[in-house]
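**Q** In terms of mature numbering (1 follows the signal peptide of the UniProt record, and there is no 0), the sequence shown is residues -18 to -1, 1 to 201. The beta carbon of each residue, even a glycine, is placed where N, CA and C say it ideally should be. Fair warning: this is a prediction, and the values are worked out from it, not measured in the lab. Submitted below is the structure of interest, expressed as structure tokens.
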Amino acid sequence: MLTRFAIFLLSVSLIVFASPISNKRVWDPRDIIARNASEVTSFDEWGGIQSLKNFDSFNGQDNFDGSRNAQIIIVQEQQVVCRRQDARIIQQQLAILQELAKRIITEQICEVETQTIIFSQFHAGLGNFEGELQRKGGRQPGFDGDVARQIQRLVNDDGSINNTDFGFNGTDVGKRTIAPSGSNWDDNTSPESVQRALDAIKSAQNVSHAEPDLGEPKQ
């Protein structure tokens, strides 16, 4: 029960349950030129692996990472506004979600090929969000409120993973997007400042993946 309650508290910090009063479509996947069908890869029972049965039915055969999903912004009576929080707290929250994702993949999938494909799809979806943060592709950074609040149901009272059908497809993700306001984004200056941050990130990653000197990691 404690585990489930902790996840509930985390979900409350990420989701506001205000009622929508109107919908605004800001992007439509039909705007993308259809690719040649011969270029589309199907993962349904790929390699004869039964655990991949119906894989394509989640996002669609030509929508592996969900980048073709429609994004519909929900305008709410009570506007969701971002609130500054200590970076350490955010890092802890995301570490919980990260390790929970690892648990789901390793506990519920036995074939390493399926593990690799499922994780790659998950990772690519987060990559789409990186583009949204940089205001690329005409999409606003935000989250699907209906899907995000399902985190309350993800872990059972006994701490086990709830593996029942949650009643949505990957193509539903984005249809009820909440885009918090209050960001410091400026069309004139933010692209440059974000690029500087990306350059710093690349430098930090290069150091992280350098050959270890067997010393203690810096705090």
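Do the CB positions of residue 121 and residue 112 come within less than 7 Å of each other?
**A** As a working note, residue 121 is residue 139 in the sequence shown. As a working note, residue 112 is residue 130 in the sequence shown. Residue 112 is positioned such that its CB atom lies no closer than 7 Å to that of residue 121.
**Q** Looking only at C-alpha atoms, which of 27, 86, 64 sits nearest to residue 136?
**A** Numbered from 1 along the sequence shown, position 154 holds the residue referred to as residue 136. Cα-wise, what sits closest to residue 136 is 86.
**Q** CB-CB under 7 Å to residue 49, same chain, minus the five flanking residues each way: which ones, in chain order?
**A** Counted from its first residue, the sequence shown places residue 49 at position 67. Result list for residue 49: 110, in chain order.
**Q** For the candidate residues 174, 89, 180, whose alpha-carbon lies nearest to that of residue 141?
**A** As a position in the sequence shown, residue 141 is number 159, starting the count at 1. Residue 141 has its Cα closest to that of 89, out of 174, 89, 180.
**Q** Which residues bound the alpha helix (DSSP H) around residue 103?
**A** Start at 1 with the first residue of the sequence shown, and residue 103 comes out as number 121. Here the alpha helix (DSSP H) through residue 103 covers 94 to 115.
**Q** Answer yes if the segment 156 to 167 comes into contact with the segment 57 to 74, meaning at least three C-beta pairs across the two stretches below 8 Å, and no otherwise.
**A** Touching, yes.
**Q** Is the beta carbon of residue 31 less than 7 Å from the beta carbon of residue 95?
**A** Along the sequence shown, one-based indexing puts residue 31 at 49. Along the sequence shown, one-based indexing puts residue 95 at 113. Yes. Within cutoff.
**Q** Compute the distance between the beta-carbons of residue 157 and residue 54, then report whether it is under 7 Å.
**A** Locating residue 157 in the sequence shown gives position 175, where the first residue counts as 1. Locating residue 54 in the sequence shown gives position 72, where the first residue counts as 1. In this structure, residue 54 lies closer than 7 Å to residue 157 by Cβ.
**Q** Just to confirm the assignment, what range does the alpha helix (DSSP H) spanning residue 90 have?
**A** In the sequence shown, counting from the first residue as 1, residue 90 sits at position 108. Per DSSP, residue 90 belongs to the alpha helix (DSSP H) from 69 to 90.
**Q** Could you tell me whether the Cβ atoms of residue 155 and residue 51 are closer together than 7 Å?
**A** As a first step, residue 155 is located in the sequence shown; it is residue number 173 there, counting from the start. As a first step, residue 51 is located in the sequence shown; it is residue number 69 there, counting from the start. Contact flag set, yes.
**Q** In terms of residues, what are the limits of the beta strand (DSSP E) holding residue 56?
**A** Taking the sequence shown and counting its residues from 1, the one referred to as residue 56 is at position 74. Start and end: 53 to 58.
**Q** Below 8 Å on the Cβ atoms is my guess for residue 47 versus residue 24; work out the distance and round it to an integer in Å.
**A** Here residue 47 is taken as the residue at index 65 of the sequence shown, counted from 1. Here residue 24 is taken as the residue at index 42 of the sequence shown, counted from 1. Actually they are not in contact, since the Cβ atoms of residue 47 and residue 24 sit about 15 Å apart, beyond 8 Å.
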